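Sequential numbering of the sequence shown, starting at 47, is according to the numbering used here.
All C-beta atoms, glycine included, are put in the ideal place defined by N, C-alpha and C.
Source: prediction; values computed, not measured.
Down below is the structure, laid out as structure tokens.
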Amino acid sequence: MSVHLTGEGASIALNRLAREQMKHKLLADINTDMMVCQIEGTDHLEYVRELHELVAHFDPCEVMHGNDDGHRDYRL
Numbered sequence: 047m048s049v050h051l052t053g054e055g056a057s058i059a060l061n062r063l064a065r066e067q068m069k070h071k072l073l074a075d076i077n078t079d080m081m082v083c084q085i086e087g088t089d090h091l092e093y094v095r096e097l098h099e100l101v102a103h104f105d106p107c108e109v110m111h112g113n114d115d116g117h118r119d120y121r122l
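Listed below in structure tokens is the structure:
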């Protein structure tokens, strides 16, 4: 199935669709990680905290504690 988007809002609609798809993939990944942690008896919130810290890097309202130079580097 292919979708053809045209017009002014095409790029916005495509970006929204891509974001929604990524959110679903991320939630599926988190749920899988939580199940594995439950089986292994490990802390399932560790991964969630790591993701929160990573995402908070992009939110200017979050208080961040960076390196000595005040910057954080998030490379995967």
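- Per DSSP, Thr88 lies in no alpha helix (DSSP H) and is assigned neither H nor E.
- In the three-state scheme derived from DSSP, where H, G and I count as helix and E and B as strand, Ser48 is classed as coil.
- Under the three-state reduction of DSSP, Asp75 is assigned to helix.
- By the criterion of at least three beta-carbon pairs nearer than 8 angstroms, the stretch 70–82 is in contact with the stretch 90–105.
- Annotation for Met68: no residue places its beta carbon closer than 7 angstroms to its own, counting only its chain and skipping 5 residues before and after.
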